[in-house]
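The structure appears below as C-alpha cells.
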Ligand code: 0X9
Ligand code: ZN
C-alpha cells in the first residue's frame, strides 16, 4: 500500500486523531465504502483519493484492479461527482451500521467449546479463554504456548497439539492469523483448524493420521495489540501499536518488517503514517522479532513442514515471493501444484473461487512479509499465505454468518496439503 493521503488531508487526519479523547471509539457512522473498477483511469482515481484524503482497503488504486475506497459522510457527494463515468458500486451503505451488526458477540461461557463459537466474532479475552478451554478438553495432547510478547506486553498466544508419538517429536506445522488486526475472519479460521483437528482426532482416522504425523502450532492472533485496538478504538486498524520517533503516527506493519530482503524498495512504505509502513529498521517491531526467533527455534528442534499466514480479503492462495516478481522460489513448481490443488479443494466445499500464484505477481509487490522470511531464512518445506473471503462485497467487515463457511473451506485447502505434501 502506498501513501494515499495528501499533505492537507494528512494533517486533518492527524489532528482529528490527537483531539479525540483517548478511549473513544472511532465512529464510521454514515461512512460508505465504494468499489471502483480501475482500468486505465489509475491516475484519476489516485488523485481523487489523494485530493479528498480518503483511505483505501487494498492499497493504492492499480490499473486493472478494483479499488475499495472508504468515504466519510462529508465527502460522499464530492466523491460521487468525481467518479462519475467510472464503474462503481457501494460495498457498505453505512459502514458504521455494518460494523455494529458484525460486532454483536455471543457471550462465551467457559464450557462451550463447540461449533457455535464460529457463529460470531469474539472479544480478545474470550479468544484467550477459548484457547485455554480447548486445551483443557485435550489434556493429554495439547498445551497453550506463547511465541513471545507484543510491544504492549501481550503474550502472542497459540495452541500446540500432537499425536501418538508425544510432543515435540514430529515436524511442525505453524499457522498465523490476524497479523493485520482488522482481518477478523483469520482469527476464527486458525481457531477452526485447531478445533477441527483436535475434536475429531478420535473419530476420524484421517485426522488422527494428520495429528500423529505432525505437531500443530496454531496462533490465531499474532498481533494482539492491534487486535485489541480494533475492539476498543478503531475497527479498521491494521498495524501494531508502535510509535516512531519523528512522527505522531502509530504502527508498524508487521507484514513488511520481517528481516529478509527488507531493504528492497517499492514493496512497502517508508512513511510512518502509511498502512504498510515497513518500520525504521528490519525487525524493529517486537512482534516480528519474537515470531522470527520462535519459528527458528521450532525449526531447529523438530523441523518445519508447513507455514501458512492467514489474511483477508481477496480469496487468494499464495506462495513466495513478495519482494520480487522475478525471483522464483526453489520449490516453485511443487508449491504451485499444491496451491492449485488446495484452491480446487476449497472450491469443492461451497463453490468459492480462489486464485493462486506467487505474491508479487498475484497481488502486489510486498517486502518484509512473513512468507519470504519463513521460506528462505527459517526454511520451511512449504510456505503459503492465504487471503480469505470475500472478494469485496463486504471486505474486512465480513458478516458473521460467513465465518464457518470461510473456515471449513480453508480447512479443505489445508487437508489437500496434508494429503499431498511430500
Ligand atoms: O498487504 C499484505 O500484507 C497482504 N494483503 S492484506 O490486504 N491482507 O494486507 C498481501 C501480502 C502478501 N501476504 C503475505 N505475505 N502474508
Ligand atoms: Zn493482511
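Numbering (the working numbering), first residue to last: 2 to 423.
Using N, Cα and C, we set each Cβ at its ideal position, and we do this for glycine too.
What you are looking at is a predicted structure, and each value in this text was computed from that prediction instead of being measured.
Beta-carbon spacing of residue i, residue j below 8 Å
| i | j | result |
| --- | --- | --- |
| residue 125 | residue 174 | no |
| residue 122 | residue 408 | no |
| residue 148 | residue 160 | no |
| residue 383 | residue 300 | no |
| residue 95 | residue 30 | yes |
| residue 427 | residue 368 | Residue numbering for the chain in the displayed model covers 2 to 423; residue 427 lies beyond these limits and cannot be assessed. |
| residue 139 | residue 188 | no |
| residue 237 | residue 397 | yes |
| residue 224 | residue 179 | yes |
| residue 374 | residue 185 | no |
| residue 249 | residue 319 | no |
| residue 317 | residue 241 | no |
| residue 177 | residue 220 | yes |
| residue 70 | residue 37 | yes |
| residue 311 | residue 371 | no |
| residue 359 | residue 324 | no |
| residue 162 | residue 143 | yes |
| residue 194 | residue 415 | yes |
| residue 255 | residue 288 | yes |
| residue 292 | residue 422 | no |
The ligand 0X9 heavy atom lying under 7 Å from the CB of residue i
| i | result |
| --- | --- |
| residue 319 | yes |
| residue 386 | yes |
| residue 372 | yes |
| residue 364 | yes |
| residue 377 | no |
| residue 251 | no |
| residue 256 | yes |
| residue 268 | no |
| residue 279 | no |
| residue 59 | yes |
| residue 310 | yes |
| residue 208 | no |
| residue 367 | yes |
| residue 323 | yes |
| residue 360 | yes |
DSSP three-state assignment for residue i, whether helix, strand or coil
| i | result |
| --- | --- |
| residue 440 | Nothing in the structure corresponds to residue 440, since the chain is present only between 2 and 423. |
| residue 410 | helix |
| residue 42 | coil |
| residue 329 | coil |
| residue 324 | coil |
| residue 3 | Unreliable positioning characterises residue 3 in this predicted model, as indicated by a pLDDT of 35, which lies under 50. A coordinate reading is not provided. |
| residue 33 | strand |
| residue 156 | strand |
| residue 68 | strand |
| residue 340 | helix |
| residue 356 | strand |
| residue 419 | helix |
| residue 282 | coil |
| residue 270 | strand |
| residue 97 | helix |
| residue 237 | coil |
| residue 83 | helix |
| residue 276 | coil |
| residue 300 | helix |
| residue 89 | strand |
| residue 178 | strand |
| residue 254 | coil |
| residue 317 | strand |
| residue 61 | coil |
| residue 228 | helix |
| residue 307 | strand |
| residue 295 | helix |
What residues does the ligand ZN have around it, judged by CB closer than 6 Å to any heavy atom, in chain order?
-> 181, 184 and 312
Report the residue ranges of all alpha helix (DSSP H) runs contained in full by the region 185-223; include only those spanning at least 4 residues, in chain order.
-> 185-200 and 206-214
Note down, one range per segment and in chain order, each alpha helix (DSSP H) of at least 4 residues found wholly within the region 360-404.
-> 360-363 and 371-374
Alpha helix (DSSP H) runs contained entirely in the region 102-171, provided each spans 4 or more residues = 125-137
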